[in-house]
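Student: Taken in order, the sequence shown gives residues 66 to 296; the numbers are from the numbering used here. Idealized CB from N, CA, C, for every residue including glycine. Since we're looking at a predicted model, the values are computed, not measured.
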Amino acid sequence: MLVSMTIVSLLATTALFAWRVGSSAWLKASERLEKDRTVLAVHQLVEEQMASMVPYQAWTTSGGREVLFQGEPQTARFVSRYSLARRAASGLYLIEYQVAEQADGTRQLLLNESPVWGNEELGTLLAGAESRPEGVVQKFQPFERGPQTVTLIEGLQECRFEYYRTPGPNQPGTWTDQWILRSGEVPQAMRMHAVAAAGSGELRPETMVAAVRHFSRRRAQVLFPFGLFRQ
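Right, dumping it as structure tokens:
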């Protein structure tokens, strides 16, 4: 009788241990699936905002007009028709992406988004320009993190943006991590590359590419708050 009770006890303990292991594995799989879904949703959001970019001109402090676009490895700033908070609404939105480094060395992707009310307002973001032989590099005010800032992805080892320039006379198309303005041209496409930090193995290295629908070369079209005008 004692032997039978011991065997039953061992079987119960084994079953309980197996259940706990199985439950733990299920929870880990569920957490991983949820993270994968989050990353996929973020990629879809970023892709749609990039694809909906428009070549919007802002008034500068000197009274001129410049296409508002900032393209750097850790920062991207442009005007888009797609909003995270107002997906069903129409209008134009200032999109600001920033890759920020944390105290532990990991990085996170941040988003600022606000409606565009006028090109004079956006002009306050411009902080000058640097002329180079190949074009002009716009200077912008720093990214401001505040209550409105959204953390899209965190726990990253690496995250960077790149921008595609179309082929020109005797020049092939190329990807660059520093966008230089030429005749008001915005990128034909953008891509984001993200790599998870050590310990965040649930997030696989990902590269997302978005073709810009309203791509404009040679400043063929300029978008203002009240419609589309041709120069």
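Report, in whole angstroms, the separation of the C-beta atoms of Tyr162 and Ala141, which I expect to be a contact under 8 Å.
Tutor: To locate residue 162, count along the sequence shown from 1; it is residue 97. To locate residue 141, count along the sequence shown from 1; it is residue 76. About 4 Å separates the two Cβ atoms, so the contact holds.
Student: Would DSSP call Gly193 helix, strand or coil?
Tutor: Taking the first residue of the sequence shown as position 1, residue 193 is located at position 128. Gly193: strand per DSSP, three-state reduction.
Student: Identify, in the order they occur along the chain, each residue of the same chain with its Cβ nearer than 8 Å to the Cβ of Gln135, setting aside the five sequence neighbours on each side.
Tutor: Taking the first residue of the sequence shown as 1, we reach residue 135 at position 70. Answer for Gln135: Ala141, Arg142, Phe143, Gln203, Phe205 and Trp244, listed in chain order.
Student: Helix, strand or coil, according to DSSP, for Ala106 in the structure here?
Tutor: If you number the sequence shown from 1, residue 106 lands on position 41. Helix.
Student: With a Cβ-Cβ cutoff of 8 Å, do Val107 and Leu246 count as a contact?
Tutor: Working through the sequence shown from its first residue, we reach residue 107 at position 42. Working through the sequence shown from its first residue, we reach residue 246 at position 181. Against a cut-off of 8 Å, the Cβ pair of Leu246 and Val107 comes out as no contact.
Student: Please classify Ser177: does DSSP put it in a helix, a strand, or coil?
Tutor: Numbered from its first residue, the sequence shown carries residue 177 at position 112. The residue you asked about is not Ser; residue 177 is Asn in the sequence shown. DSSP places Asn177 in strand when its eight states are reduced to three.
Student: Measure the C-alpha to C-alpha separation of Gln122 and Arg172 and round it to an integer number of angstroms.
Tutor: Indexing the sequence shown from 1 puts residue 122 at position 57. Indexing the sequence shown from 1 puts residue 172 at position 107. Rounded to the nearest angstrom, the two C-alpha atoms are 31 Å apart.
Student: Which ranges does the alpha helix (DSSP H) cover as unbroken runs of at least 4 residues, wholly within the region 216 to 267, from first to last along the chain?
Tutor: Those alpha helix (DSSP H) runs which fall completely within the region 216 to 267 and span 4+ residues do not exist here.
Student: Among the residues of its own chain, which have a CB less than 8 Å from the CB of Glu209, if the five just before and after it don't count?
Tutor: Numbered from its first residue, the sequence shown carries residue 209 at position 144. Excluding residues within five positions, the ones whose Cβ falls inside 8 Å are Asn177.
Student: By DSSP's criteria, Trp182 is part of a beta bridge. Which residues make up the other side?
Tutor: Against the sequence shown, residue 182 aligns to sequence position 117. Paired residues: none, contrary to the question.
Student: My assumption, with CB atoms under 8 Å, is that Val251 sits in contact with Val277. Please give the rounded CB distance.
Tutor: Indexing the sequence shown from 1 puts residue 251 at position 186. Indexing the sequence shown from 1 puts residue 277 at position 212. About 7 Å; that satisfies the 8 Å criterion.
Student: Is DSSP giving Val111 helix, strand or coil here?
Tutor: For the purposes of this step, residue 111 is taken as residue 46 along the sequence shown, with counting starting at 1. Val111 falls in the helix class under three-state DSSP.
Student: Kindly indicate which three-state DSSP category Leu133 falls into: helix, strand or coil?
Tutor: Reading the sequence shown from its first residue, position 68 is the one you call residue 133. If DSSP states are grouped into helix, strand and coil, Leu133 belongs with coil.
Student: Less than 8 Å between the beta carbons of Val111 and Leu175, yes or no?
Tutor: Numbered from 1 along the sequence shown, position 46 holds the residue referred to as residue 111. Numbered from 1 along the sequence shown, position 110 holds the residue referred to as residue 175. Cβ atoms of Val111 and Leu175: not closer than 8 Å.
Student: Going by DSSP, what residue range makes up the beta strand (DSSP E) through Ser145?
Tutor: Locating residue 145 in the sequence shown gives position 80, where the first residue counts as 1. Residues Thr140 to Ser145.
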